[in-house]
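When the letters of the sequence shown are read in order and numbered with mature numbering (1 follows the signal peptide of the UniProt record, and there is no 0), they come out as residues -22 to -1, 1 to 516.
Yeah, the Cβ is synthetic: ideal placement off N, Cα and C, and Gly gets one too.
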Amino acid sequence: MGLTRSGLLVFGLVCVLQLSHSSSDSDFTKVRAVSLGGWLVVEGWIKPSLFDGIPNGDMLDGTQVQLKSVGLQKYLSANGGGGGNLTVDQDAASTSETFRLWRVSYREYQFRCINGKFLTAINGEVISATVVSPGDTETFYIERNNSMLHIKLLNGGYLQVTDNNQLTSNYPSQPGWDDGMATFEMTIVANNIHGDYQLANGYGPQQAMVVLTEHRKNFITGKDFYFLSQNGINAVRIPVGWWIAYDPNPPAPFISGSLDALDRAFYWAQIYGLKCIVDLHAAPGSQNGMEHSASRDGSVDWPSAANIEKTLDVINFLAQRYANNPCLLGIELLNEPSAGAVPLDTLVPYYRTGYQIVRRYSDKAYVIFCQRIGNADPMELYQSDLGPTNTVVDLHYYNLFNPYFEKLNATENIQFIYNDRKPQVQALNSANGPLVFIGEWVNEWNVTDASQTQYQLFAKAQLDVYDEASFGWSYWTVRWFTVGKPNVHASYGRMPCVSFVHTDMTLETYHQKDNLLRMRMMMVMTITDNDSEIPPPK
């Protein structure tokens, strides 16, 4: 899940859990995990600097733009969202006047309408919005002067507006910036998708390889695994993208190397006594339209039969590769499918088949099913008969991303955890089905100017409640950066810089079921990045 807040106070919370189990406990220890978000699946908000070197970086895949004719002072419009000729006749812009960019190069773009059709010159000089699969006749060359654009076809014909409000590609010469009928003012409506697709397609394959190789090498290291193992964490949840199954030659524009990094993670986990949950965070076609599912433009195309079959192949690859690794704890079949775009009667058969695939290779690995996001009832998965053994349902709990939380103060947020979340966790624990996993949560909210004590109490409330989940929990995420600096309310662990300092502030010692749990809140400043003592992976 991507966080969007910035400018928060630079101090962090690390919850150190010291657990001892009574003799009546089974061999299963509850999961206290941290997600390695932003590492093998890029999320621009986690490390914005990854995108700093992309030319025309405000025109990445999925950027939503509106175009106004300078001469007519009217907006280009695909009436009804596309399907006919473009007109230039709207005084105000809405969805029919908004286009999503598909980037071909830093100067070549395709324009997608709200209904999925692309602008095209396929019918001659008149521009229409009638093509589903874009090619050369749907690719336009952009000449840019800040927000002003000249647009031409690959064959050199510049677009212009006619007196009868049509858009044609027959401007007779190269226009100047004072030629209003061939000049368009671009307004960027949204530029919020910064994932693997945008990074790789923005840089191009060679530079993207340089950027991602460096990122994968340094963003998560063996020192992180050591630090987590020493501070109450017993597992890591590792988001991966579907292209990992195709390494070393993934489909364009994706960049190879994530499989080697995942292998390193398993090696470090074995050294430091951690378990690994492999989480398929990004599926073919995107299951939620967000950057962390590697969506190209916000569309959700995963539910097609072809994409589901391809996804099952990825699960087969992961299960076959890691089933016999002693550090594998579980495989999460899909992260955060959208309730609005992924029907339950599509998701459940996929989950059942994915379960069967994992069981071909392991009868012990947990198979994890993520709840749909967007007001779906978590009980729907408990009523779906997904598999008989070692099954888990993953719930993501954020006091964010919903207008309801915007009006709550610190005390009300904390009360919500106890009054609303706790009964739900207890009800699901008692549902006589899959184990309950709070697979993502974060010590962040919409409260402005919250005090350090309020953050600590919010963390305590969440730990009180989420530790009751029968499978356990995983914190999101190990680190993230705000305006080039680490934001440590949402970061678990270390921030790369100079040295590691902490202040130990014991809140309480309390009993919970059969576990003696001591929670300490630590203020984390920085930690070195020297991994010289970490053995290189084999």
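With distances taken between CB atoms, is the gap from residue i to residue j smaller than 8 Å?
i, j, result
"K8", "G450", "yes"
"E86", "M126", "no"
"I346", "D372", "yes"
"R399", "Y375", "yes"
"A301", "C254", "no"
"L18", "V218", "yes"
"N142", "V104", "no"
"Y360", "G411", "yes"
"S273", "I171", "yes"
"E75", "S55", "yes"
"S147", "G135", "yes"
"I216", "V256", "yes"
"S452", "A11", "yes"
"Q88", "E121", "no"
"A437", "N424", "no"
"W454", "I24", "no"
"D30", "K52", "no"
Nearest by alpha-carbon distance to residue i: which of the options is it?
i, options, result
"F232", "T73, Q44, A178 and S273", "A178"
"N169", "G16, S408, I392 and Q42", "Q42"
"S13", "W419, Q440, T426 and Q430", "W419"
"G251", "Y224, H270, G31 and F205", "F205"
"G102", "D67, R242, A11 and L145", "L145"
"Y175", "T161, V167, L190 and I166", "L190"
"N387", "Y433, A343 and P356", "Y433"
"W221", "L50, A261 and M159", "A261"
"D39", "R90, G59 and T369", "R90"
"G276", "G49, P33 and G94", "G94"
"P33", "A70, G49 and A186", "A186"
"L131", "F118, N123, N124 and T140", "F118"
"F415", "G31, N133 and L307", "L307"
"G181", "S236, A70 and D36", "Note that residue 181 is Tyr in the sequence shown here, rather than Gly. Out of S236, A70 and D36, D36 has the C-alpha closest to the C-alpha of Y181."
"G200", "Y224, P226, F244 and D225", "F244"
"T289", "T369, Y329 and D238", "Y329"
"M159", "G332, P304, L45 and N380", "L45"
"Q440", "Y149, G417 and E310", "G417"
"E192", "S282, V66, A354 and S236", "S236"
Take the Cβ of residue i as the centre, count every other Cβ of all protein chains shown within 10 Å, and call the residue buried at 16 or more, exposed below.
i, result
"Q138", "buried"
"R338", "exposed"
"T108", "buried"
"G16", "buried"
"W80", "buried"
"T161", "buried"
"Y396", "exposed"
"P327", "exposed"
"S429", "exposed"
"Y320", "With the sequence shown as reference, residue 320 is identified as Val, and Tyr is not the correct amino acid for it. By the 10 Å Cβ count, V320 comes out buried."
"I166", "exposed"
"Y382", "exposed"
"T369", "buried"
Give the secondary structure of residue i by DSSP, where H, G and I count as helix, E and B as strand, and everything else as coil.
i, result
"W120", "The identity of residue 120 in the sequence shown is Ile, whereas the question assumes Trp. The answer is strand: DSSP assigns I120 an E or B state."
"F449", "coil"
"G471", "Here the model assigns G471 a pLDDT of 44, short of 50, so the residue's position is not dependable and the matter cannot be decided."
"M187", "helix"
"L28", "helix"
"V466", "Because the pLDDT at V466 is just 47, under 50, the model does not fix this residue reliably, and the point stays unresolved."
"V256", "strand"
"H374", "strand"
"S234", "coil"
"I395", "helix"
"D323", "helix"
"L(-20)", "Any reading at L(-20) needs caution, since the residue's pLDDT is 43, under 50, leaving its predicted position unreliable; the model's value is listed next. In the structure shown, L(-20) sits in coil (DSSP, three-state: anything other than H, G, I, E or B)."
"T199", "coil"
"K130", "strand"
"W458", "strand"
"M37", "coil"
"V336", "helix"
"E384", "helix"
"T426", "coil"
"P262", "coil"
"Q440", "helix"
"Q152", "coil"
"M159", "helix"
"A223", "helix"
For residue i, verify whether its CB is less than 7 Å away from any heavy atom of the ligand SAM.
i, result
"Y250", "For the structure depicted, the ligand SAM is absent and the ligand set is empty, with no information on it obtainable."
Would residue i count as contacting chain B if we go by Cβ distances under 8 Å?
i, result
"E384", "Structure shown: chain B not included; a single protein chain is present."
Cβ pair count under 8 Å reaching 3, the region 98 to 106 against the region 284 to 299: A contact is defined here as three or more CB-CB pairs under 8 Å, and the region 98 to 106 fails this definition with respect to the region 284 to 299.
Inter-stretch contact (C-beta, 8 Å, three-pair minimum) for the region 407 to 414 and the region 392 to 399: no
At least 3 beta-carbon pairs within less than 8 Å: the region 197 to 215 vs the region 242 to 249: yes
Stretch pair the region 254 to 268 + the region 316 to 325: three plus CB contacts closer than 8 Å: yes
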